[in-house]
Amino acid sequence: TEQQLLDRFEARIDDGAFVEPKDWMPDHYRRTLVRQISQHAHSEIVGMLPEGNWITRAPTLKRKAILLAKVQDEGGHGLYLYAAAETLGVSRDELIDQLHAGKAKYSSIFNYPTLSWADVGVIGWLVDGAAIMNQVPLCRCSYAPYARAMIRICREESFHQRQGYDALLVMMRDGTPRQRDMVQDAVNRWWWPSLMMFGPPDEASNHSEQSMRWGIKRISNDDLRQKFVDATVQQAKVLGVSLPDPELRWNEAREHFDFGPIDWDEFWRVVGGDGPCNRERLADRAQAWDEGAWVREAALAHAAKSTTQRKA
Ligand code: FAQ
Numbered sequence: 011t012e013q014q015l016l017d018r019f020e021a022r023i024d025d026g027a028f029v030e031p032k033d034w035m036p037d038h039y040r041r042t043l044v045r046q047i048s049q050h051a052h053s054e055i056v057g058m059l060p061e062g063n064w065i066t067r068a069p070t071l072k073r074k075a076i077l078l079a080k081v082q083d084e085g086g087h088g089l090y091l092y093a094a095a096e097t098l099g100v101s102r103d104e105l106i107d108q109l110h111a112g113k114a115k116y117s118s119i120f121n122y123p124t125l126s127w128a129d130v131g132v133i134g135w136l137v138d139g140a141a142i143m144n145q146v147p148l149c150r151c152s153y154a155p156y157a158r159a160m161i162r163i164c165r166e167e168s169f170h171q172r173q174g175y176d177a178l179l180v181m182m183r184d185g186t187p188r189q190r191d192m193v194q195d196a197v198n199r200w201w202w203p204s205l206m207m208f209g210p211p212d213e214a215s216n217h218s219e220q221s222m223r224w225g226i227k228r229i230s231n232d233d234l235r236q237k238f239v240d241a242t243v244q245q246a247k248v249l250g251v252s253l254p255d256p257e258l259r260w261n262e263a264r265e266h267f268d269f270g271p272i273d274w275d276e277f278w279r280v281v282g283g284d285g286p287c288n289r290e291r292l293a294d295r296a297q298a299w300d301e302g303a304w305v306r307e308a309a310l311a312h313a314a315k316s317t318t319q320r321k322a
């Protein structure tokens, strides 16, 4: 019976087993993974846009080559993740339709603008830093195709984080006062949105309990956020920037940094479609999709021709 299947499934999860696409799984497990993996895939490809904005204006050839490679990696991450979602029985076209129709979510962070070159460095340092903190535990996600994709993605993500930190270090150490101000301004604008990337507080996170039970999420939203704050304070010190939070201080008893309240109204506004760049991001994705139609048609025509030739 269904109940026996579910009991056996949960016992396997408790034993630390991984689930493969052809294994039996509860419908809710499948739907949760399609939701999370597709949102993650959409985040990767929408996440190409804010940095893509600076490819033509990178300050040196070296920085341009690094940025091009990073943005290309993000496209690759999107592809691994769409492929992982497809193993659960949805098509990539369906998922992309949901994104373009505004029905699928993607990370709130990519709805903020990149106003200066320093934003590119800060995205690497803070946004990729937060992404790694959240994604390392996902390498042990109970759904094996997602876990395998995350292992590759995390390796590339740590290079992304370091290139961002390095770009900022150069500006802070060798830069002019104006360049240093530019870095500080970018940190001030990206700090709070980066903390929001981890999702709502645990008590408001409606999916957490079930996802933790099934080994999809291994560490809670708030615990990951705390780990990120603790790791980042020291990096900010080395860089010589301040973090825009007057309440940030070491708590001896907790052995963690305390930090000020997050503006959850802003978070839900951005998630709901009303952030500074939501409309622009979706319009850019839809336009890129339309302009790529001829490439998809040509690839299909080529594939069809090769099949006929093989048969002949
Ligand atoms: N933005 O119950 P929970 C990257 C939604 S990194 C928008 O806590 P869950 C790399 C959530 O979907 C960014 N929506 O949900 C990169 C749910 O709504 P729903 C992508 C958010 O799933 C760097 C509702 O709120 N990383 O792309 C956000 O258990 C630089 C309730 O929330 C991932 O996707 C948010 N920040 O936990 C690329 C990692 N937070 O679906 C380019 C994988 C929550 O019911 C440049 N995902 N919501 O309509 C996860 O780990 C989880 O899905 C969480 C949310 C932790 C994001």
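Positions in the sequence shown are counted from 1; adding 10 to them yields our numbering.
Just so it is clear, CB atoms sit at the ideal spot from N, CA and C, and this is done for glycine as well.
With residue i and residue j assumed to form a contact (beta carbons below 8 Å), what rounded beta-carbon distance in angstroms separates them?
i, j, result
"Tyr92", "Leu105", "6 Å"
"Gly134", "Gly86", "Not a contact, Cβ separation roughly 17 Å."
"Ser118", "Val305", "About 30 Å; that fails the 8 Å criterion."
"Ile55", "Ala95", "Contact flag wrong, Cβ pair sits at about 13 Å."
"Tyr122", "Pro286", "6 Å"
"Val127", "Pro210", "This sequence places Trp at residue 127; Val is not what is there. Contact flag wrong, Cβ pair sits at about 32 Å."
"Lys74", "Glu61", "Their Cβ separation, rounded to whole angstroms, is 12 Å, which puts Lys74 and Glu61 out of contact at 8 Å."
"Met58", "Glu30", "With a Cβ gap of about 30 Å, Met58 and Glu30 do not count as contacting."
"Ala159", "Tyr90", "4 Å"
"Val239", "Phe269", "6 Å"
Any heavy atom of ligand 1 within a distance shorter than 8 Å of the CB on residue i?
i, result
"Ile76", "no"
"Ala140", "yes"
"Leu71", "no"
"Val44", "no"
"Lys115", "yes"
"Gly57", "yes"
"Gln145", "yes"
"Gln49", "yes"
"Asn288", "no"
"Pro155", "no"
"His38", "no"
"Asn198", "no"
"Val100", "no"
"Val281", "yes"
"Ser118", "yes"
"Phe208", "yes"
"His312", "no"
"Glu213", "no"
"Val137", "yes"
"Ser168", "no"
"Asn231", "yes"
"Asn216", "yes"
Taking only heavy atoms of ligand 3 into account, decide whether any of them is closer than 8 Å to the Cβ of residue i.
i, result
"Lys227", "As presented, the structure is devoid of ligand 3, carrying ligand 1 as its sole ligands."
State the beta-bridge partners of residue i as determined by DSSP.
i, result
"Val324", "Beyond the ends of the chain as shown, which are 11 and 322, falls residue 324; an answer cannot be given."
"Phe19", "Phe19 is not bridged to any residue."
"Asp268", "Arg259"
Query raised in the report: Would you call the segment 314 to 322 and the segment 148 to 165 touching, i.e. three or more CB-CB distances under 8 Å?
Result: The segment 314 to 322 vs the segment 148 to 165: no contact.
**Report entry** Segment contact flag, the segment 141 to 148 with the segment 227 to 238, C-beta cutoff 8 Å, min 3 pairs
**Finding:** With a cut-off of 8 Å on Cβ pairs, the segment 141 to 148 is in contact with the segment 227 to 238, counting three or more such pairs.
Query raised in the report: Which runs of the alpha helix (DSSP H), 4 residues or longer, sit entirely within the segment 201 to 262?
Result: List check, alpha helix (DSSP H) in window: 218 to 223 and 231 to 249.
Query raised in the report: What are the uninterrupted segments assigned as alpha helix (DSSP H) that are 4 or more residues long and contained completely in the segment 56 to 103, given in chain order?
Result: For the segment 56 to 103, the full-length alpha helix (DSSP H) segments reaching 4 residues or more read 58 to 62 and 71 to 96 along the chain.
Query raised in the report: Which parts of the segment 123 to 149 are runs of the alpha helix (DSSP H), unbroken and 4 residues or longer, counting only runs that do not cross its ends?
Result: Taking only runs of at least 4 residues, the alpha helix (DSSP H) segments lying wholly in the segment 123 to 149 are 127 to 132 and 138 to 145.
Query raised in the report: Between the segment 31 to 43 and the segment 219 to 232, do three or more beta carbon pairs fall short of 8 Å?
Result: Verdict: yes, contact present.
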